[in-house]
Every structure is written in C-alpha cells, then in structure tokens.
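Written below as structure tokens is the structure these notes are about.
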C-alpha cells in the first residue's frame, strides 16, 4: 500500500476542507492511505499525524465548514527541517505529499520537493491551490476567493443600504494583502452609479491622503453619502504600507491631522511593549486583526469634513476582518465544487506518470458557458510569486473596477443577494 | 379614503423592510392609502412623503433586503416638531401613524401620540417593534434580533474554527448597546466546552481589566487558544463604558499597560479636532463604527502574555460592526416572517376599535412547539426603556450563557451552520 501525507498551510478559507475531502476521497478510490499532518509542515516535524478517511472526522464532519480542519501553519521549512521530515516520511513509508495553501505554501512545497531530490528521497510533491487573496500566478482564480468575494459583495450591498438609511460616510477595510482582488469584489452588487461603493482603493494604485480625501468629499458632496471600500494593503505614493508610509506620515504631520499622527506614534509604544512588530518567516507583516487603518481613515475624513464643511460628517469605519474567510453562514457553491475538484486532481496527477511533482492550477474557459478545469505546472512557477489585479480590471482613476472585472468575478461567487 | 403615514427610526435591521411590507400590504387590503415619510419624523417635518403600495418600489423591491428602504432618523421630536407635523398631517388627511423602530422610536411615537391628544388632532399612533439589540421591554424578542443573532452565531462558529487552524487569542466585539443579547448569541453554535467562544462578556456584568485578562489567560493556558466575545457595551467595575471608565483608566495607568492609556489620550485629541464626542438627542454616545475597544483589549492581552508568559501570543481582534444588522447574504426565516407579522398586526389594531394607539409587542409561547404572536400595549410601557439580559441567561461567573438562553435564542435564528 502507498502512503500519502496531506497538510494545510497559511490562512484558512471557507472551502479549504473541501479540498481536503477531494484529496482524501480520491486517494481512497486509488487505494492510497492518507495521513494528515496537524498544522502543516510544523506537524510533520513533530510527527503529529492522524490517519484520515473520507467518511470519518475531521474530513467528513468538516467538509462543509470553514477553518483548516487539520490545522495550518506559517512555518517555512529550511534544509534541516526537510532532512528531518524525510526521516519521518521514510519511517511512515510516505511516497506523496499534498500541501494545500497559497503562495507561501507553494514555496514550501517547492523547497521540500527540491530538498527531496537532492537527498535522493523519492517523493512526489503537489501543491493544491487555496487563497482568499486570489493572488496565485498561473491560476485564473483561486479556491477560497469565490466565497470570500461573495461575502464581501453581499456585505457591501447590505452596508450601502444601511448607509442610505442614515446617510454619512462609511469606510470598509477589506482583506487581500498586497493584491486588490478581494477589495474589487466590493463592486459586485452595484447596479447604478448611485449605488455604493462609489470608491474602491487597491494596493495596485497607491494614493496620498489628500487624494483619498478629495475623492471621498466629492462623492459626499454629490450623493450626500459615501460608501468606500479600502484594501488592507493600500499604499502611500511611496508604495509602502499606507499608515506606515513616510509620505502619509508627512501628510499627517500637518494640521489639522496632527492628532492622528500622535495616535499612531502612541500605538508604536504598544508594539515595543510586546517585543516589537514581527514578520513571519515568509517576510510578511500582520495587516489584519487590527482596526488601525480604518480608524485612521475615519479620523481623517471626520477632521476633513469638520474643517472644510464646518460640521463633522457622520463617519464610520469597519474592518471586515477574519469573517471574510471564515463566516460559516454562506458559501459560494461554485467555489466549494472547484475546491474539491483541485484536491481530486492533485491525486490524479500523482497517480499519473507524466509529472513527478507540481502545483495544481485552476484555469477557466469563458468563451462559452463558464467552465473551470485544472492543470499541473512546475512548483517553482507558483511559489512565492504574487498575481496583482491586472490593469484592465481597474478603472482609469484607480478608484473602482471595470465591467470586465465584474463579468469575471460574477462567475465565481454564485448568485448574490442582488 | 383613510390615509396613513409609515416611517422608520433608529438603526436598520436585516428585516425592517419586511415590517414595512406587512404594514403596506395589510393597509392595502383594508383600503388605507399609505404615504412613507423619508427618514422618519425628520421627513415628516420636511413634508417629504412618497406614496407606497405593496407591488411597487421600494416596498416590493426591498422586501427581502437589509437597510431602511424609506430612510431612517435619530431625530427626537419635541412639542414644536409635533405641532408642525400635525399641520402637515391635516393637509394630507392623515389618520394613522405607524413608526417602525426600537426604544427611541417607541418614545418618539409616544411623544407624538401625547401631543396629538393635547392638540386635539385625531391620530392613532402605532409603534412597530424592531431592534437587533433585542432590548425592548414587554417583548419576548424583537424583530431584527433573530437575523443578527444568526449572523453572530455563524460568525463565531467560523471564527472559532479559524482560530483552531492557527491557534492564538481572538477577540470579537459585538453590537448591542447596553444589553448583552447579541453578544450572548455568540454561544449558539458551541457544541462542547472545547468550542469557542469560551468567554463572553456582557454590559450586565461589569469587569475590571485584571479580571478580563485573568479569564483569557486561563483559557489560553488550558486550550492553547482562546475565542472571546465582548459586547460593545461592556462596562468597567464603576459601571461606565469600559474604555472611558475611570476604573479601567486607572488600571491602564500602571505598567506594563501605560502605552495603551497614551494611545487613548492621543485619540481624545482627534475627537477635539472634530468638535468633540457628541451624543444624539436620545442621549446615546456612538459605540459602533470604531475599532477602539477591540484594539485596547488586543493590546492588553498581547502585553499581558508578553510580560507573564515571556512571549506575546498571536492575538487578533475584530469589531463585527454594521454587518451584524445588514449583511445581505443571510437572514433568519423566522425573523423575516415575524417582522412582516408585526407590521400587519399594527394595521389590524388600527382597524380595531378597542385601542386608540399603542406599541405592538411580540410574545412567544414555548410551552409546546415555539409559537410567536403579537399583542398591543400602551406606548408609554415600551418607549425609552431597556430590557437587559436576565440573570438566568448569564452563567454564574458572568462570562458565558446558560442552557436556558441557548434554548430561547435557537428558536429565533432558524437553522445554523452547526
């Protein structure tokens, strides 16, 4: 009997457990025994495995639930880790390694594959795609994105109707790291120019605070309200993270915005009191799980309306946070189906002779009725790279999407509330 | 032909438009012509009316969407406003006034009713209940709560699964003003003691920062992770709003928490730069639309783990924000049905002879199969009062719910994701 390890890396999605089900069910059909590594490569190194089958917990019980049911990790394996992993793999007679995750996980899979080759350990490694950020190169779109986009679209529809009820300025900060795909989904329920969000900001289009405020106040003047979506990865004109950008800090150093800068400076002392802001092994800093960007933007807008219009506008800001990837009450049926499909495909490729290892990628044919299909590419082609929102999906002013984006994304979310 | 005004007040809910539909459809059946006042009593004073029928926009088009489709207001009418309103009502031959809203709206309806009597203007005034806070006295529960509770329950289920994936400490700040009903709904998908949220904090049970941190660190020590739900209305031991409480400020004034106090002090300057923190006419300060409470709790937990355990825990905090009342992708079917029912009932009471005016209240019979029904009580019995979470729904430690609460709330949400 052949044995496989399946593992998960990076942030979970609404449908990552469907990919797990796909791998485990397809493996069972092919007579492959599967061990799940708890918390990805970190679990491998601790020899923390659980045997999994399609009909038992956690595969069967969590198939339709969010979260990484076998645990995830942000650990990046080095050569020493790999040597240790291969000893453990040898002991368990492991011939296949399936790693479900995003760019970092693709990179980790690539490292493990390369080290296995150089160590002469016979292992076929497969990366199974997953990320709400939708930023894996070579993929038309990524499993997990459709459900997150659905959440964001339904959220902005509701939030815009809420802002019309009690008019004011509302900002929503949306996940996506350094790519604007998820923020772009804020547009998907817009039916007219009246509808919010009237403004969407992307990491791909750096903005100054002055430019941002001018946009927001213009929409407010025109409609008596403004609904704004902002990617958490928004940059200042110097292309660094908005609230830590020197350019933005310089804008905040001038009246009437100085109180905001003071707040940011005071917050830095909190970081110092906890050992300082940390980057993970893949080099990423934390962007989610804090309301800082939303609160800075809300304060700036409030101050700007007060100083320019004589009265502070009703101004609110929400940071959508982790629910974008884990809200249990809703899922894109297309996304769920495709997540399972890429899991199955990985096993099929593993059974095939042609490819030693690789990254399963999701392609789509939109020439007729939308159809998605999987292909296999080299691990190095995907790992560690970021696919940004392309120019033809962003409007000329860099503060909204094009109809081409809407047509693309609407195929991925399933039917929306409007 | 008799004529009625329908209006909405306060924060919208997921199902407030179903109550509008109920009023308008039932009125049509009874030959009553209905004008909708845009933005509640504020629209009445501007004579801003739109004729509404069950089959046309916005009643038909927004029936199943969130937001107050005819606009809402937080304006509290005074005697002058009422005099002006009655002149306008006279001109339009208005005999009935239906006002859909929460405690403040019930109070506004009561004021209008009293002033109409003293002015000798023949008007029958009906308050139709609505609030995600679930805090209207005389009601078993309030339309809008079931859907918001459903959102919070499905959110915490997903978020707990997310935290198990990448273990750490996660806090979620939940709406509800000064009542803990919505925070309590965080418990509804818990199946075992292992499941999060292991801790829930209510306005009804004031806490010190030290007490809060001791709870969180104990759960973290036991489970290696902690999922925490906190009501936005949480109080310090002096029973005032948590982050502005003098008791909490005194705790933050001591090392290692002083950087947090500095941040709060710096933020106060932002308020000053926008004309100062304002209260609305009903005397409420803004609790939602800022990440302040979540960020303070996250910073405190991070600092506490760093100083007590030698390493800052992975610690995140989300403020759920407005999506709790307006997320378009999900709704409680029970809630939607009951929201329509109370709207219809208001019209039926208006057609009846027995009561001049009143507040429609929602009762429930749980002796057999759950059954909800409406009754009419005096406007003064509901207006401006707050129904807190009762003692038998809160556990002994004041950091979780009882099985009695779960049994109660599960009847209101419809089937959840688990």
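Chains as they are written, first to last, in my numbering: chain H, 317 to 734; chain W, 317 to 734.
All residues carry an ideal CB built from backbone N, CA and C; glycine is no exception.
Terminal residues of the continuous alpha helix (DSSP H) containing residue i?
| i | result |
| --- | --- |
| residue 567 of chain W | 562 to 568 |
| residue 622 of chain H | 608 to 625 |
| residue 481 of chain W | 461 to 481 |
| residue 654 of chain H | 649 to 667 |
| residue 586 of chain W | 574 to 588 |
| residue 458 of chain H | That residue, residue 458 of chain H, is in no alpha helix (DSSP H); it is neither H nor E in DSSP. |
| residue 639 of chain W | 639 to 642 |
| residue 498 of chain W | 497 to 500 |
Flag this pair as yes or no: are the beta carbons of residue i and residue j separated by less than 8 Å?
| i | j | result |
| --- | --- | --- |
| residue 488 of chain W | residue 643 of chain H | no |
| residue 424 of chain H | residue 357 of chain H | yes |
| residue 418 of chain W | residue 397 of chain W | no |
| residue 443 of chain W | residue 415 of chain W | yes |
| residue 330 of chain W | residue 729 of chain W | no |
| residue 543 of chain W | residue 512 of chain W | yes |
| residue 688 of chain W | residue 680 of chain W | yes |
| residue 657 of chain W | residue 338 of chain W | yes |
| residue 576 of chain W | residue 615 of chain W | yes |
| residue 459 of chain H | residue 323 of chain H | no |
| residue 661 of chain W | residue 620 of chain W | no |
| residue 500 of chain H | residue 721 of chain H | yes |
| residue 359 of chain W | residue 387 of chain W | yes |
| residue 376 of chain W | residue 365 of chain W | no |
Take residue i as the anchor and find which of the options has the nearest alpha-carbon.
| i | options | result |
| --- | --- | --- |
| residue 341 of chain W | W:454, W:447, W:374 | W:374 |
| residue 554 of chain H | H:578, H:520, H:590, H:660 | H:520 |
| residue 480 of chain H | W:468, W:539, W:378, W:565 | W:378 |
| residue 631 of chain H | H:617, H:638, H:669, H:623 | H:617 |
| residue 455 of chain W | W:695, W:523, W:348, W:711 | W:695 |
| residue 529 of chain W | W:506, W:564, W:507 | W:564 |
| residue 735 of chain W | W:699, W:724, W:648, W:484 | Residue 735 of chain W lies beyond the range of chain W shown here (317 to 734); nothing can be said about it. |
| residue 453 of chain W | W:703, W:721, W:719 | W:703 |
| residue 676 of chain W | W:505, W:389, W:421 | W:421 |
| residue 433 of chain W | W:399, W:731, W:409 | W:399 |
| residue 351 of chain H | H:320, H:380, H:335 | H:320 |
| residue 405 of chain W | W:436, W:523, W:380, W:475 | W:436 |
| residue 361 of chain H | H:376, H:345, H:393 | H:393 |
| residue 682 of chain W | W:561, W:723, W:650, W:653 | W:723 |
| residue 714 of chain W | W:606, W:524, W:734 | W:524 |
| residue 427 of chain H | H:395, H:403, H:550 | H:395 |
| residue 493 of chain H | H:652, H:567, H:451, H:667 | H:451 |
| residue 344 of chain H | H:369, H:355, H:335 | H:369 |
Does the beta-carbon of residue i have 16 or more other beta-carbons within 10 angstroms, so that it is buried, or is it exposed?
| i | result |
| --- | --- |
| residue 372 of chain H | exposed |
| residue 579 of chain H | buried |
| residue 588 of chain W | exposed |
| residue 634 of chain H | buried |
| residue 707 of chain H | exposed |
| residue 624 of chain H | exposed |
| residue 457 of chain W | buried |
| residue 599 of chain H | exposed |
| residue 503 of chain W | buried |
| residue 684 of chain H | exposed |
| residue 408 of chain W | exposed |
| residue 645 of chain H | buried |
| residue 571 of chain H | exposed |
| residue 474 of chain W | buried |
| residue 561 of chain H | buried |
Who are residue i's beta bridge partners in DSSP?
| i | result |
| --- | --- |
| residue 444 of chain W | W:416 |
| residue 319 of chain H | H:349, H:410 |
| residue 531 of chain W | According to DSSP, which records beta bridges pairwise, residue 531 of chain W is partnered with nothing at all. |
| residue 365 of chain W | W:353 |
| residue 551 of chain W | W:557 |
| residue 515 of chain H | H:544 |
| residue 710 of chain W | W:717 |
At 7 Å on the CB atoms, spell out the chain C contacts of residue i, in chain order.
| i | result |
| --- | --- |
| residue 481 of chain H | Looking for chain C here will not work: the only protein chains present are H and W. |
Since residue i is in the beta strand (DSSP E), which residue starts that stretch and which ends it?
| i | result |
| --- | --- |
| residue 691 of chain H | 687 to 693 |
| residue 681 of chain H | 674 to 681 |
| residue 634 of chain W | 631 to 635 |
| residue 485 of chain W | 485 to 490 |
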